[in-house]
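Remember, the numbering used here sits 3 above the position in the sequence shown when you count from 1.
A virtual CB, placed ideally from N, CA and C, is assigned to each residue, including glycine.
Quick notes on the structure that follows.
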Amino acid sequence: MKPPPRTRAELLSELTRRLEEAGVAAPEAEARALAQAALGEAPEVFFARLGEPVPEKALARLEAWCSRRATGEPLGLILGEVAFFGLSLRVRPGVFLPRPETEGLVALALERLAKKRAPRVLDVGTGSGAIALALKHARPDAQVFASDPSPEALALARENARRLGLRVTLVPGRLTAGLRGLDLVVANPPYLPERYREEAPPELAYEPEEALYAGEEGLDVARPLVREALVALRPGGALLLELDPTNAGLLARELVGLGYRGVCTLPDLAGRPRYLLAHAPAPEAAGELGLA
């Protein structure tokens, strides 16, 4: 006799167990996301129908997705999209996936822009466009630029901007891409020290290496960026970076030596020094440093 079809509740329990056994950090939440996507149901619909059977087609899709996730493939790549700061962004292999920690960077950036009218902002290394689009969505008056040397990344950022109806200026090129007169330069650059390769979680194998690792100290990209930002920023303009907690303090000390003012590290939700804030010197100080 053929066994009765599994209900949504039974399937959810099984998916959660399999993901937990595979070492997924949030197995229940990811099981829900996979099940709802496979069924094409909003959360409220899915939970209202927990006692109903799951169609065979959805079961086959879920089996394949669960196997992929259990081997380490990120949830975002399986579903083709991620939620970021209230936006739904498309993602694809070869372009860095937005992370929850970077939502904290966006929140800090919006705090810095709160008293600025029509600010000029640059998101360096935009990838999928996450930071730039989140800032533009929250501050429609801002002139937002987004740079990236990767044609694939810029194509994805352009696609996300078009889908969301947000206008940002995409700039092919590295770092500040020659821009000037900016009120804010914000970036989540590659910042992992090389030693992290040996202990990297399996999910990182699906990310482009150039978006992750940045030399022995994890600062091979951030160091040239902060020098370019000194020229790109208006006097008093802000530089805001996401970094590894092990190297944020080191770069902060270097920024003081470069002439930045108001340099400080800021904590993430776990209390680790994840973010670095600094300000370009005022006109008289910039002249003394040879930057004016």
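key: Residues near Arg-9 in its chain [Cβ-Cβ closer than 8 Å; skip 5 each side]   = As a working note, residue 9 is residue 6 in the sequence shown. Same-chain partners within the cutoff: Glu-17, Pro-56, Val-57, Leu-62.
message = I'd like to know whether the C-beta atoms of Ile-81 and Arg-93 end up nearer to each other than 8 Å.
response = For the purposes of this step, residue 81 is identified with residue 78 of the sequence shown, where counting begins at 1. For the purposes of this step, residue 93 is identified with residue 90 of the sequence shown, where counting begins at 1. Cβ distance not < 8 Å, so Ile-81 and Arg-93 don't count as in contact.
ask   = Quick one: what does DSSP say Asn-250 is sitting in, helix, strand or coil?
value = The residue labelled residue 250 in the question sits at position 247 within the sequence shown. Coil, per DSSP.
message = By the three-class DSSP mapping on this structure, what secondary structure does Phe-50 have?
response = Looking up residue 50 in the sequence shown gives position 47. Assignment of Phe-50 by DSSP, reduced to helix, strand and coil, places it in the helix class.
ask   = Ordered along the chain, which non-local residues of its own chain (more than five positions away) have a Cβ less than 7 Å from that of Ala-40?
value = Counted from its first residue, the sequence shown places residue 40 at position 37. Correct list, in chain order: Leu-82.
request  = Put Val-94 into one of helix, strand or coil per three-state DSSP.
outcome  = Here residue 94 corresponds to residue number 91 of the sequence shown, with the count starting at 1. Coil at Val-94, not helix or strand.
inquiry  = Can you give me the C-alpha to C-alpha distance between Glu-114 and Ala-285, rounded to a whole angstrom?
reply    = Translated into the one-based positions of the sequence shown, residue 114 becomes position 111. Translated into the one-based positions of the sequence shown, residue 285 becomes position 282. Answer to the nearest angstrom: the Cα atoms are 20 Å apart.
ask   = From Gly-290 to Ala-29, what does the alpha carbon distance come to, in whole angstroms?
value = The count along the sequence shown starts at 1 and reaches residue 290 at position 287. The count along the sequence shown starts at 1 and reaches residue 29 at position 26. Residue placement at Gly-290 is flagged as unreliable, the pLDDT there being 49, under the threshold of 50; the coordinate-derived value follows with that caveat. Taking the straight line joining both Cα atoms gives about 52 Å.
request  = Would you decide whether Leu-292 is buried or exposed? Buried here means 16 or more other CB atoms lie within 10 Å of its CB.
outcome  = Locating residue 292 in the sequence shown gives position 289, where the first residue counts as 1. Reliability of the predicted coordinates at Leu-292 is poor, the pLDDT of 47 falling under 50, and the value obtained from them is presented with this limitation in mind. Around the CB of Leu-292, fewer than 16 other CB atoms lie within 10 Å, so the residue is classed as exposed.
inquiry  = Which same chain residues end up closer than 8 Å to Pro-46 when comparing Cβ atoms and leaving out the 5 residues on each side of it in sequence?
reply    = As a working mapping, residue 46 is identified with position 43 in the sequence shown. Within the same chain, Pro-46 has close Cβ partners Arg-35, Gln-39.
query = Residues bridged to Glu-245 by DSSP?
reply = Within the sequence shown, the letter at position 242 stands for residue 245. In DSSP, Glu-245 forms a bridge with Tyr-278.
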